[in-house]
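Written below as structure tokens is the structure these notes are about.
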Amino acid sequence: MPRPLGRVHPALAVVVLLTALNGLTPYLEIKTGFGFNMYSNLLTARGESNHLLVPATLHLSDTQDVMVRVIDTDDAALAYYIEEDLLIPIPSLRNYLAANSNVEAILQVGSERVFVEPGTVPTILGEQPGWFESKFLLFRALDETEPKRCLRYWGPLY
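Put into structure tokens, the structure is as follows:
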């Protein structure tokens, strides 16, 4: 029997709701990777946005308040961020260092200089994120140059 007009199947309502939430995540600063913004070069961090119509975010997460600058490294993936002058979100770097134990690097974390030895993840980077956070709450690298560039991709950490 056909449904009356205006009635939506509950499964469809859930899909629409999740899709809308995924589209809002950059403006809520819940995640900036792998959403509708991934092809638009939208930058949302620290309560600011480069969007023409939405100049600010709700800043629900402090994940992008302190970013990491790679100063020196022997690792090719991290060297990309030096060459492109990009800042790395702490969770992305934590995941990378946990998966790649042979990395040596000098990092700038906020105002502190940190030395990464092979097989270690500096305590200033916090604890390893859980499975859900490391798979779904991804943050892209930030371009600190002016004017902002249209990046061809976010870098090898993703």
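Going left to right, the sequence shown walks through residues 1041 to 1198 as the numbering used here numbers them.
No residue lacks a Cβ here, since even glycine has one placed at the ideal position from N, Cα and C.
Given the structure is predicted, the values throughout are model-derived calculations rather than measurements.
DSSP-derived helix/strand/coil call for residue i
i            : result
leucine 1098 : coil
valine 1154  : strand
alanine 1145 : strand
leucine 1177 : coil
leucine 1165 : helix
Own chain, CB closer than 8 Å to residue i, minus 5 neighbours either side, in chain order
i           : result
valine 1161 : Arg1134, Leu1137, Ala1138, Gln1168
Host beta strand (DSSP E) of residue i (start-end)
i              : result
threonine 1113 : 1107-1113
leucine 1127   : 1126-1129
Nonlocal neighbours in the same chain, by C-beta distance under 6 Å from residue i, ignoring five residues either side
i               : result
asparagine 1081 : Cys1190
For residue i, the nearest candidate out of the options (CA to CA)
i               : options                            : result
isoleucine 1070 : Ser1089, Thr1163, Leu1100, Val1048 : Leu1100
aspartate 1102  : Leu1177, Lys1188, Trp1194          : Leu1177
leucine 1064    : Glu1186, Ser1089, Pro1050          : Ser1089
alanine 1117    : Phe1179, Asn1142, Thr1059          : Asn1142
leucine 999     : Phe1155, Asp1105, Val1054          : This structure cannot speak to residue 999, because the chain is shown only from 1041 to 1198.
Boundaries of the alpha helix (DSSP H) in which residue i is found, first to last residue
i              : result
glutamate 1123 : 1116-1123
Ranges of the beta strand (DSSP E) found wholly within the region 1051-1096, counting only runs of at least 3: none
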